[in-house]
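Residue numbers (the numbering used here): 38 to 617.
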């Protein structure tokens, strides 16, 4: 945490160099200090610690805060990149290394084809933490972001499943592998992957049902999220299913219902606690990746093996992305642009998962384990440091399409929603069954059957779009009000006394209109802490308090936030209000 805090204090460094690369470099320094003091590597990242305590926090954070609409709208492309792309990289790298090994480019090594395939499977784990950090900073377009984000999230689970299948083949022996064993391996791969996903969905339903009953137990609501999600991970692990996919889909499927059922204070607690745990885990992993380089016992150098591995990892990533994208673009309404394909190819960084799987290799079965571990570290350093540092200049140079930095205003959201319904109508009239039609059917099914089961009554009422918009406007107004008053007080440098005539403070500027308050007619005569304007359609002339029960009925009054809204200054919202 201290290291992470230090990096955030030096923003100039993290702007030029990704945080993950900085943490690895810090690990080099720390490892050198430890070695200089003890002449031994006393600290190492154990696979048990990595897979049971650090990785679940990162995966849960990514799944829980996944933008669901974007994720499921691009689900087909994400699955193709995560499954077919992962298998392609593993097989291509493994077979290519075996081919050049037979050609004598690596010298005398004790590795067979199955061990090369196992090595290729662990190198197919993509960990684009640095890339996503750059994406968020430069605001790349949403499709590119979700494709890289979704692929990396599901790729970890697929990689571990593929690694276990290859490890089982290595234990069985090449002479005992036949067609039946290969079919069993494929079936096992599918069962483990989809079984783990199903476990995650089941625990997501359980978690949603639990939060229906926590109205009077708000203090322990956040704990349920972490405990039940981690139980999904452990349950899948005990059943020999994909634990990574289990906790991923647990987070993806539960977030909508859990956030609706919990109090806003609990939602905020979960958000920041999850971010702290995930960020801390990432920091520990990357620091230990740097510390691991100082251990001389793992370094077994083979120039041909290492250089060819790095080359094949880069080349087959590019080939896989371009070929799969060419296939997808034949059926996508909006094709993936060539520049986005370049960024996706360049963004195939390797990280903690690849290193953790390399450490798990059995020395008794894999005689060249240290060579594979050393090569994995070289690949991680090369991709995270070199590619991570050059990613931002590449994105800028290629002029990658950016997303809008500002949030959509209400009228834009309304237009997008109307356009979605128009597309559904067009598909229905033309007899085409596309993803818009399927999404509409799913929404109706969810509203009729799933929401009554997983959401409590007050949460379902708050899902009403009219009142949901009203609620969001109230929250935005309250937040902007607090921020404006704080900024104006700090900027003025005056000792403002509550109850004093605010117009008399001539040096103070109107926070919303950027004019001196003495010239802002709307603020004349106001006391400090008051604002001009109101929700005209909801406020009375004589009283500035919302009388919501009279306007909209007592049956919905329990879901309305106790916030006095003010929309007279239209800058944050740009929403024209009807005149009386």
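Virtual Cβ for every residue (Gly too), placed ideally from N, Cα, C.
Beta bridge counterpart(s) of residue i as assigned by DSSP
i: residue 439; result: 177
As assigned by DSSP and simplified to three states, the class of residue i
i: residue 337; result: coil
i: residue 514; result: helix
i: residue 104; result: coil
i: residue 305; result: helix
i: residue 419; result: helix
i: residue 381; result: helix
i: residue 229; result: helix
i: residue 249; result: coil
i: residue 428; result: helix
i: residue 292; result: helix
i: residue 147; result: coil
i: residue 182; result: helix
i: residue 405; result: coil
i: residue 136; result: helix
i: residue 234; result: helix
i: residue 57; result: helix
i: residue 446; result: coil
i: residue 361; result: helix
i: residue 452; result: helix
i: residue 98; result: helix
i: residue 70; result: helix
i: residue 195; result: helix
i: residue 313; result: helix
Rounded straight-line distance, which links the Cα of residue j to that of residue i
i: residue 400; j: residue 236; result: 32 Å
i: residue 292; j: residue 404; result: 45 Å
i: residue 190; j: residue 284; result: 11 Å
i: residue 618; j: residue 178; result: Outside the displayed range of the chain (38 to 617) lies residue 618, so it cannot be described from this structure.
i: residue 309; j: residue 67; result: 29 Å
i: residue 240; j: residue 385; result: 31 Å
i: residue 59; j: residue 288; result: 29 Å
i: residue 492; j: residue 477; result: 20 Å
i: residue 457; j: residue 473; result: 7 Å
i: residue 106; j: residue 116; result: 15 Å
i: residue 436; j: residue 140; result: 42 Å
i: residue 594; j: residue 512; result: Bear in mind that the predicted position of residue 594 carries a pLDDT of just 43, short of 50, making it unreliable; the figure below should be weighed with that in mind. C-alpha separation (whole angstroms): 16 Å.
i: residue 344; j: residue 231; result: 36 Å
i: residue 402; j: residue 209; result: 11 Å
i: residue 369; j: residue 164; result: 26 Å
i: residue 215; j: residue 263; result: 43 Å
i: residue 424; j: residue 466; result: 48 Å
i: residue 64; j: residue 328; result: 5 Å
i: residue 487; j: residue 323; result: 41 Å
i: residue 95; j: residue 80; result: 22 Å
i: residue 469; j: residue 113; result: 18 Å
i: residue 223; j: residue 459; result: 42 Å
i: residue 234; j: residue 127; result: 22 Å
Classification of residue i by the beta-carbon crowding that lies within 10 angstroms, buried from 16 upward
i: residue 130; result: buried
i: residue 420; result: buried
i: residue 319; result: buried
i: residue 514; result: buried
i: residue 301; result: exposed
i: residue 111; result: buried
i: residue 93; result: buried
i: residue 70; result: exposed
i: residue 275; result: exposed
i: residue 360; result: exposed
i: residue 462; result: exposed
i: residue 136; result: exposed
i: residue 56; result: buried
i: residue 147; result: exposed
i: residue 73; result: exposed
Proximal residues to residue i (C-beta, below 8 Å), its chain only, five neighbours per side dropped
i: residue 247; result: 261 and 265
i: residue 211; result: 149, 150 and 151
Check: residue i C-beta below 7 Å from any heavy atom of the ligand HEM
i: residue 166; result: You won't find the ligand HEM in this model; it holds no ligand whatsoever.
Neighbourhood of residue i by C-beta, 6 Å cutoff - its chain only, sequence neighbours within 5 removed
i: residue 119; result: 188, 191, 192 and 195
i: residue 258; result: 251, 299 and 303
i: residue 382; result: 354, 355 and 358
i: residue 249; result: 298 and 493
i: residue 620; result: Absent from the model: residue 620. The displayed extent of the chain is 38 to 617, so no value can be given.
i: residue 175; result: 432
i: residue 103; result: 289
i: residue 82; result: 325
i: residue 337; result: 407, 408 and 411
i: residue 181; result: 377
Contacting residues, own chain, Cβ-Cβ under 7 Å from residue i (five flanking each side not counted)
i: residue 350; result: 130, 160 and 416
i: residue 393; result: 84, 87 and 88
i: residue 397; result: 84
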